[in-house]
Structures are given as structure tokens and as C-alpha cells.
Amino acid sequence: MGYYVRIGGRAFGPFSEQDVLTLIAQNRVNRTDSVSADGKTWRAAGGFPELFPVKGEGKPPVQGQTPPTRENAPEEWYVSRDGRQTLGPYPAPSVIGMLLNRQLTRNSYVWKKGERPRPFDQESLFYLFLPPEEPAAEDAPPEKPNPVRRISKRRAAEVRDFEKRVSGNYVGYLCSFGATLVLAFLDTAMHVLNAGYESDGLGLAAKLFGGISVLSWLFCVAVSFVLMYRFWSAVQPYGAAATPGKAVGFCFIPFFNLYWIFVCYFVLARDINRHLPEEWHGVRASEFDAFSFCVMSVIPLSFCGLLADQALFRPFSVVVPFLFFVAFMIQPVVITSLKNAVFALIETQ
């Protein structure tokens with residue numbers, strides 16, 4: 005004889021009498037719940053004497069409390085957590101306890117002797133005791149904003165490759181910058197000594213140091229343009245004001261480059277800061293330094309025409325080289341600021 009039990013508006017079963025007694029012992033079924041012997045006619049569980057004896061006939065028979073006979077012997081179940089190791093046999097209350105303690109999940113297997121293993125959610129006796137399912141990803145609460153966003157392995161490799169290339173160019177730029185300063189100092193020292201001692205050797209050394217310092221400076225300028233090209237390529241996904249080639253190439257157009265240098269440096273710093281998340285407040289490109297570098301570079305270039313007339317150039321013979329020197333000293337600060345900001349930007353893509 006099989007029993008159907010209606011709990012929460014949903015029918016479960018069919019159960020054996022022993023299964024129903026197990027549900028009663030676990031307080032999952034009470035006298036007022038609907039029970040049917042055929043799945044069609046329903047009445048209160050208290051109306052079944054074999055399940056709820058009338059008052060005076062003793063307590064309801066609970067599994068394990070009645071003498072084991074062929075008719076009321078407790079059913080034994082086998083379980084497996086992963087489908088490989090078999091555990092048991094266990095009585096139904098023990099299996100229910102393992103479910104409630106989360107030693108078993110709805111994806112574990114259960115079966116009786118002679119039956120095929122099946123997941124717990126396909127066994128009606130234990131269905132009511134299954135732990136709740138994990139919430140779906142779309143139902144999970146939104147994560148707090150994190151400045152370091154998780155990225156794919158492919159994207160992480162691209163970021164590492166970009167940072168490696170930029171770091172290599174940056175080291176080359178700093179080395180050439182330092183070499184230019186040292187060689188320029190040695191050139192000046194040789195000229196000063198030659199003015200006092202008038203030695204051919206000192207004059208030759210001054211020319212040698214001067215020529216090498218010019219080459220080192222040209223290399224420094226070339227590497228700085230390589231870095232600017234890479235910086236502009238990093239901001240392309242955000243709708244950059246210019247392509248990398250355009251940003252660098254327009255700097256070589258006479259007269260127009262007096263305007264374009266502001267785009268190449270200052271506009272780039274402004275756009276990077278605009279797209280950096282607020283969480284990266286500690287990393288920003290220095291717009292002030294970029295603007296100062298552009299101004300100090302443009303002013304000397306604007307007076308280059310005066311070089312043809314020594315009489316006109318004489319008043320600016322100190323000012324123009326000084327402004328060039330200031331611009332040369334500011335550029336590493338600007339490059340370093342842009343590099344750090346670009347590294348922070350690509351990690352947010």
C-alpha cells in the first residue's frame with residue numbers, strides 16, 4: 005500500500021507506511037496534513053489509524069521503537085557522495101540526518117539494495133530534507149566596486165606584454181636622459197678648462213663629449229616619441245583624440261607642432277585622468293607638469309628664427325637655452341606620470 009502526502013500544496017509519494025512514519029518522526033507530517041492512499045481521495049493524516057493511532061492506543065510507532073518484524077523492519081539505504089564510494093546501509097533517519105548536516109547534497113546518490121543509484125532530488129522520501137540550492141549568479145548580490153578588476157588570462161598576458169615593452173622603453177629613456185646630462189656636463193667642463201689652459205687635447209675632448217651628448221639627446225627624444233606612441237595606443241579603446249601615428253607624426257610638422265605638442269602631452273594626460281575610475285584617485289597623470297613641459301618647449305622654438313640674426317639673438321642667448329634645459333628636465337617627470345597612469349588604465353579595461 006502506498007501513501008501520498010500533500011505538503012505546502014505539493015503532493016509527494018508514493019511512500020511506504022514506514023516512510024510516512026519516518027516523516028512523522030521528523031515532524032515533516034502532522035495530523036492536519038492531507039494524505040491519500042490512492043492519489044485521488046485526500047483526508048487528514050490523523051484519519052489513518054496506522055499512522056496516528058487513536059488516543060489511548062499508545063504513541064505512534066516510530067522507526068526503531070517497534071520490534072523488527074518482516075512487515076515493519078526499517079528500510080536500509082545506501083548512499084554515495086561522489087558516485088564512486090558506497091556508504092551504508094543506513095536507516096532513513098540516519099540518511100536524513102546526513103542531509104540536514106550537509107554531509108550529503110542533492111547531487112549525491114541514494115538507493116536501496118537491488119536498485120540503481122539515483123540523485124537525492126529524485127527520491128521523494130528525502131526530497132523534503134534537501135539543503136537549499138546555491139543562488140544563481142544573476143541573483144547574487146552585486147559586488148562592491150574593486151579598482152583591480154578580474155580579467156581573462158589572455159587579456160592579462162596582453163597587459164603584461166604591454167607593460168614589459170613600455171618598461172623597457174622607459175629604462176632606455178632614463179638611461180639616455182642621464183647620459184645626456186653627464187656628457188653635457190663634461191662638455192661644459194672641457195670648454196671651461198680649455199678656456200683657461202688653451203689645450204688642443206681639452207678642445208678635442210670638449211668636441212667629443214659635445215658630439216656624443218647630442219647623439220644621446222637625439223636617442224632620448226626618439227625613445228620619448230616611442231613611449232608617446234605606446235601611451236596613445238593604450239587609450240584607443242576609449243575614443244582617443246588621435247591615433248598613435250597621428251599623435252606622434254604631427255609633432256614633426258613645422259609651426260603646426262607648436263600647437264600639436266599640447267595635444268600630444270596635455271590632452272593625453274587629461275583624457276587618461278578622465279577615464280580612470282574614481283577608485284584610482286591615487287594614480288593620476290600630472291596635467292600641470294604636462295602643460296608646463298609644453299609651454300617650456302614652445303617658447304624656445306618660437307624664437308628659433310632669431311638665431312639667424314646674432315644681434316637680435318644676443319638678449320635671448322641665456323633665456324632660450326635655459327628654457328630648453330627646463331623643458332628637458334620636466335619631460336622625465338611627465339613621462340613617468342603618464343606611464344603610471346596608463347598602467348592603471350589598462351588594468352581597468
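Numbered according to the numbering used here, the sequence shown spans residues 5 to 353.
In this text, a Cβ means the ideal position worked out from N, Cα and C, and glycines have one as well.
Under the 10 Å beta carbon count, Tyr263 is surrounded by fewer than 16 other beta carbons and is classified as exposed. For Gly182 and Ser220, the gap between their C-alpha atoms comes out near 9 Å. DSSP places Arg158 in the uninterrupted alpha helix (DSSP H) bounded by Lys157 to Tyr201.
Using a 10 angstroms sphere on the CB of Tyr201, the tally of other CB atoms stays under 16, which defines it as exposed. Exposed is the label assigned to Ile257, since fewer than 16 other Cβ atoms lie within 10 Å of its Cβ.
Judged by DSSP in its simplified three-state form, Arg106 adopts coil rather than helix or strand. An exposed status is given to Gln89, since fewer than 16 other beta-carbon atoms sit within 10 Å of its beta-carbon. Taken atom to atom, the span from the alpha-carbon of Ala244 to that of Phe223 is near 27 Å. In the three-state reduction of the DSSP assignment, Trp46 falls in the coil class, being assigned neither a helical nor a strand state. Taking all protein chains shown into account, Phe189 has fewer than 16 neighbouring C-beta atoms within 10 Å of its C-beta and is therefore exposed. Contact check between the stretch 245-254 and the stretch 225-236: three or more CB pairs, one atom from each, fall below 8 Å, which counts as touching. In this structure, Ala29 sits away from Asp37, with a CB-CB distance that is not shorter than 8 Å.
In the same chain as Val99, and ignoring 5 residues on each side of it, the C-beta atoms closer than 7 Å to its own belong to Trp81, Val83, Val114 and Phe130, in chain order. Ranked by Cα distance from Phe295, the options Val163, Ile276 and Ile265 are led by Ile265. Taken in chain order, the complete alpha helix (DSSP H) segments of 4 residues or longer contained in the stretch 200-257 are 204-238 and 248-253. Rounded to whole angstroms, the Cβ separation of Ser290 and Ala273 is 7 Å, and the two are in contact under 8 Å.
Between Pro57 and the set Ser217, Trp46, Leu25 and Thr45, the nearest pair of CA atoms involves Leu25. Here Val218 is not near Ser180, since their CB atoms are 8 Å or more apart. Val287 sits in coil when the DSSP states are folded into three classes, being neither helix nor strand.
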